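Number of protein chains: 2
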Amino acid sequence: MAIIVKKFGGTSLGSIELIRNIARRIALEAGKGDSLVLVVSAMAKTTDELINLAYQISEHPSRRELDMLLTAGERISMSLLSLALQEEGYSSISFTGSQSGIITDERHGNARILNVNAFRIKEELDKGKIVIVAGFQGVSQSKEITTLGRGGSDTSAVALACYLQAKKCEIYTDVDGVYTADPKIVSNAKLLPAIDYSQMLALSYNGSKVIHPRAVEFAYKYSIPVEIKSSFTFAPGTMLIQEKSFKEENMEERHITAIAHKENLLSYIIPETEETIDLLKIWNWEIFKYLAIENQLELIIEEKYDKEIQYLLSQKEIPILKTENGIGYVTLVGLGINLDPSFLADTLKLCQPFHIKRIQHSDKTIEIMLPSSEVKDCVQILHSAFIGCEK
Amino acid sequence: MAIIVKKFGGTSLGSIELIRNIARRIALEAGKGDSLVLVVSAMAKTTDELINLAYQISEHPSRRELDMLLTAGERISMSLLSLALQEEGYSSISFTGSQSGIITDERHGNARILNVNAFRIKEELDKGKIVIVAGFQGVSQSKEITTLGRGGSDTSAVALACYLQAKKCEIYTDVDGVYTADPKIVSNAKLLPAIDYSQMLALSYNGSKVIHPRAVEFAYKYSIPVEIKSSFTFAPGTMLIQEKSFKEENMEERHITAIAHKENLLSYIIPETEETIDLLKIWNWEIFKYLAIENQLELIIEEKYDKEIQYLLSQKEIPILKTENGIGYVTLVGLGINLDPSFLADTLKLCQPFHIKRIQHSDKTIEIMLPSSEVKDCVQILHSAFIGCEK
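Right under this line is the structure:
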């Protein structure tokens, strides 16, 4: 019997009514013969509320206790979903990350998965039960409760799909899949029926929110078939695949597959010293971009991490040489686009109305740094020129 | 009957003796039942000699006539190899790019493949012949002879493998495959038995010479199984695959797969104007890196293109604001390495002895710009620290 792992994010589980809806949908599928494992995040806003509570008590709460607190979030959503399924007449059981055998290292708040040992899930599936698993959490080898950091539930789902040799891992979210640009910004952005892991990795690294880069990396590494789709419509979404595997009219034609963006970023410039190197060794936040130049290190991060990072820097007595907020990035993703300088030429031309700070590139990206306030206009103009509405 | 496409580069065909050796090797395999298509480059140095002849006549030879001249190179090597095979008692036939149905656009010197229509190759294979094809060349829709630019023969081979639905495309070269670093620099660099397309793309973009990025891009796009191997030993080389497809001890562990480097680069800084944009539209040389910053565009290219580019810039009246030679790059490649800042920390620490100009990154690379003269030492130190000798 094939196993399907389905992951539901916080917005999909944001209210009792939404949880009931999901249970009803699952019930429709549960009769079809596949075994189902449902990985859940905490209900929308729960994690933020719990963090807020902790910070009311302590300005710098211990990461160990914070993990203990936060893991209550998925405990709530998973038991509610299990109850809702039982109401539908299905036999279900919920497991914490620890019960599911998600073994991590000791890094509280940002733990990495060492291994998965999900024999309890297998046993319950064999009994015909629907298994619900708390995403985002694991247990260390010294039996401490850990959390996986941002994108943790996506990563849990993909890791379980790997262990269980699932035929598919479905990531349910509040949009229909991966679009050529954020449909909230570009009204005629098109849904991509499929995209290869490597371009998806570039998109998610550069701001696409539908799936976390860490989960894409995992899926890529272990060839897990992943579909990103809507939890509201259950319509076909975007499949992550190995390659495009169809022939173009023009075999060597290159094009922009999609555009990612990121707003509200903050840049620190700090001296590149032994202290900085030590700091990076214990660094716990996502670094969106970095640039080392002239014995200085520029770190570009999301503005929301500002307070914590400022605190860490002051604790370590590392001076901030310069700081700038209101930074944004727009990134074009396409296979081979930097083997043809005409993409750079078109980008430079189209970006003339904007206050471009820097344009860099990798083998499959053109990365435009500009004021955050100009990001949306820039995405619209580039989408219209490079992708248009016919695609 | 399965088809195998084998591509032999110029160094593998550098003398009559080497051509005879290859014919003998091919003869050993030809009896095994697979149909063989052999794609050849010009004999080593032939292309340079032909270019040299052209420049003795004209300082700026027309690209159309240059293509006509250069395509003589593969014509020589393919007919010699065919003769050598016939001496071994095999039935063989050689075809130019045009006869092979490699249809390209009109861009002389750097044409892109539009389509492959290799029915003549199929017919001859069906008759039991070994087919030898001139790499690097094609024919435009207006029946002009074109060349595919750098890496052209690799691209021809992969494109033919795609059209012929070959079970494998073998790229024969003067090294045993893809190493963790250039074995000429790192004596204990290890041969990688396999690497995924996406990491290979990053390596070849960043200086690895065994296969051209354009051919990797093609192979990736159409899922062509490619093996890079030695034409001297015929030992198993490196397979380009979709993913690693084996489980690590530590599932989420990240590591540096290999290190690429590039020496003898030149940087121009030119103003970013309409003229620059027009220039990029007709640009015919590989741009190794670019960086747009403060209305200036920095282009980093191989020093050998200097003369031609200077000429073009002066013709278009684009001033060079700054130029610098003796630039090098060392690039670390590994899946997910920029999700863990400790790789950056280690890189900064290990690079302290060097005169680092800039460190940038992409999702799977850390790219270090430094003096060309320091490249070899830097590769050695980073290889020893990140990859070591046990791998």
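These protein sequence lines map, in sequence, to chains A and B. Quick note, the first sequence lines up with residues 1 to 391 if you use my numbering. Quick note, the second sequence lines up with residues 1001 to 1391 if you use my numbering. Cβ coordinates follow ideal geometry from the N, Cα and C atoms, glycine included. If you're wondering where the values come from, they're calculated on a predicted model, not measured in any experiment.
Check whether residue i and residue j have beta carbons under 9 Å apart
{"i": "I93 of chain A", "j": "V131 of chain A", "result": "yes"}
{"i": "I1211 of chain B", "j": "I1241 of chain B", "result": "no"}
{"i": "H1383 of chain B", "j": "A1189 of chain B", "result": "yes"}
{"i": "A84 of chain A", "j": "V116 of chain A", "result": "no"}
{"i": "I318 of chain A", "j": "P271 of chain A", "result": "yes"}
{"i": "N1338 of chain B", "j": "Y205 of chain A", "result": "yes"}
{"i": "Y290 of chain A", "j": "I1359 of chain B", "result": "yes"}
{"i": "A1161 of chain B", "j": "K1364 of chain B", "result": "no"}
{"i": "K1143 of chain B", "j": "V1226 of chain B", "result": "no"}
{"i": "I269 of chain A", "j": "L297 of chain A", "result": "yes"}
{"i": "K1349 of chain B", "j": "D1154 of chain B", "result": "no"}
{"i": "L148 of chain A", "j": "I121 of chain A", "result": "no"}
{"i": "D306 of chain A", "j": "N284 of chain A", "result": "no"}
Bounding residues of the alpha helix (DSSP H) (the contiguous stretch that carries residue i)
{"i": "V1375 of chain B", "result": "1375–1386"}
{"i": "M1429 of chain B", "result": "Residue 1429 of chain B lies beyond the residue range present for chain B, which begins at 1001 and ends at 1391; the question has no answer from this structure."}
{"i": "I26 of chain A", "result": "16–30"}
{"i": "E87 of chain A", "result": "72–87"}
{"i": "G138 of chain A", "result": "Where G138 of chain A is concerned, there is no enclosing alpha helix (DSSP H), although the beta strand (DSSP E) it sits in stretches over 137–140."}
{"i": "I1057 of chain B", "result": "1046–1057"}
{"i": "I1121 of chain B", "result": "1119–1126"}
{"i": "A157 of chain A", "result": "152–163"}
Enclosing beta strand (DSSP E) for residue i [first to last residue]
{"i": "Q296 of chain A", "result": "296–302"}
{"i": "V1330 of chain B", "result": "1322–1333"}
{"i": "I4 of chain A", "result": "3–8"}
{"i": "E1317 of chain B", "result": "Careful: E1317 of chain B lies outside any beta strand (DSSP E) and carries neither H nor E."}
{"i": "P1371 of chain B", "result": "1365–1371"}
{"i": "Q1360 of chain B", "result": "1358–1362"}
{"i": "I1211 of chain B", "result": "Neither: I1211 of chain B is in no beta strand (DSSP E) and is coded neither H nor E."}
{"i": "I1102 of chain B", "result": "1102–1104"}
Rounded distance between the beta-carbons of residue j and residue i, thought under 8 Å
{"i": "S1267 of chain B", "j": "G1328 of chain B", "result": "That belief does not hold up - the Cβ atoms of S1267 of chain B and G1328 of chain B are roughly 11 Å apart, past 8 Å."}
{"i": "L1038 of chain B", "j": "A1072 of chain B", "result": "Wrong, their Cβ atoms sit about 18 Å apart, outside the cutoff."}
{"i": "K1262 of chain B", "j": "F1288 of chain B", "result": "6 Å"}
{"i": "V1005 of chain B", "j": "L1164 of chain B", "result": "7 Å"}
{"i": "S1077 of chain B", "j": "A1042 of chain B", "result": "6 Å"}
{"i": "S1098 of chain B", "j": "I1145 of chain B", "result": "7 Å"}
{"i": "K304 of chain A", "j": "L279 of chain A", "result": "In fact, because the Cβ distance is near 19 Å, the residues do not count as touching under 8 Å."}
Exposure label - residue i; buried when at least 16 CB within 10 Å
{"i": "E252 of chain A", "result": "buried"}
{"i": "A192 of chain A", "result": "Ala is not the amino acid found at residue 192 of chain A; the sequence shown has Leu there. So L192 of chain A counts as buried."}
{"i": "T1323 of chain B", "result": "exposed"}
{"i": "G207 of chain A", "result": "buried"}
{"i": "G1010 of chain B", "result": "buried"}
{"i": "F119 of chain A", "result": "exposed"}
{"i": "P341 of chain A", "result": "buried"}
{"i": "K221 of chain A", "result": "buried"}
{"i": "L1028 of chain B", "result": "exposed"}
{"i": "D67 of chain A", "result": "buried"}
{"i": "S1082 of chain B", "result": "buried"}
{"i": "R1024 of chain B", "result": "exposed"}
{"i": "M1200 of chain B", "result": "buried"}
{"i": "Q1137 of chain B", "result": "buried"}
{"i": "Y55 of chain A", "result": "exposed"}
{"i": "S58 of chain A", "result": "exposed"}
{"i": "G1388 of chain B", "result": "exposed"}
{"i": "A62 of chain A", "result": "Per the sequence shown, residue 62 of chain A should be read as Ser rather than Ala. Exposed, by the Cβ-count rule."}
Nearest-angstrom Cα separation, counted from residue j out to residue i
{"i": "V1186 of chain B", "j": "P1236 of chain B", "result": "21 Å"}
{"i": "P400 of chain A", "j": "I1368 of chain B", "result": "The structure shown does not extend to residue 400 of chain A, since chain A spans only 1 to 391, so no value can be given for it."}
{"i": "S1230 of chain B", "j": "A1134 of chain B", "result": "20 Å"}
{"i": "K391 of chain A", "j": "E1286 of chain B", "result": "Because the pLDDT of K391 of chain A is 42, which lies under 50, any placement of that residue in the model is unreliable, and the question is left without a value."}
{"i": "L1070 of chain B", "j": "T1047 of chain B", "result": "6 Å"}
{"i": "Q141 of chain A", "j": "K1376 of chain B", "result": "41 Å"}
{"i": "D1174 of chain B", "j": "L1018 of chain B", "result": "12 Å"}
{"i": "G1334 of chain B", "j": "N1250 of chain B", "result": "16 Å"}
{"i": "N110 of chain A", "j": "K45 of chain A", "result": "19 Å"}
{"i": "L1344 of chain B", "j": "Q380 of chain A", "result": "34 Å"}
{"i": "Y179 of chain A", "j": "T238 of chain A", "result": "9 Å"}
{"i": "S1314 of chain B", "j": "E1308 of chain B", "result": "10 Å"}
{"i": "R1150 of chain B", "j": "I1366 of chain B", "result": "25 Å"}
{"i": "L1080 of chain B", "j": "A385 of chain A", "result": "49 Å"}
Below-9 Å beta-carbon distance, residue i vs any chain C residue
{"i": "I113 of chain A", "result": "In the structure shown, chain C cannot be found, because the protein chains are A and B."}
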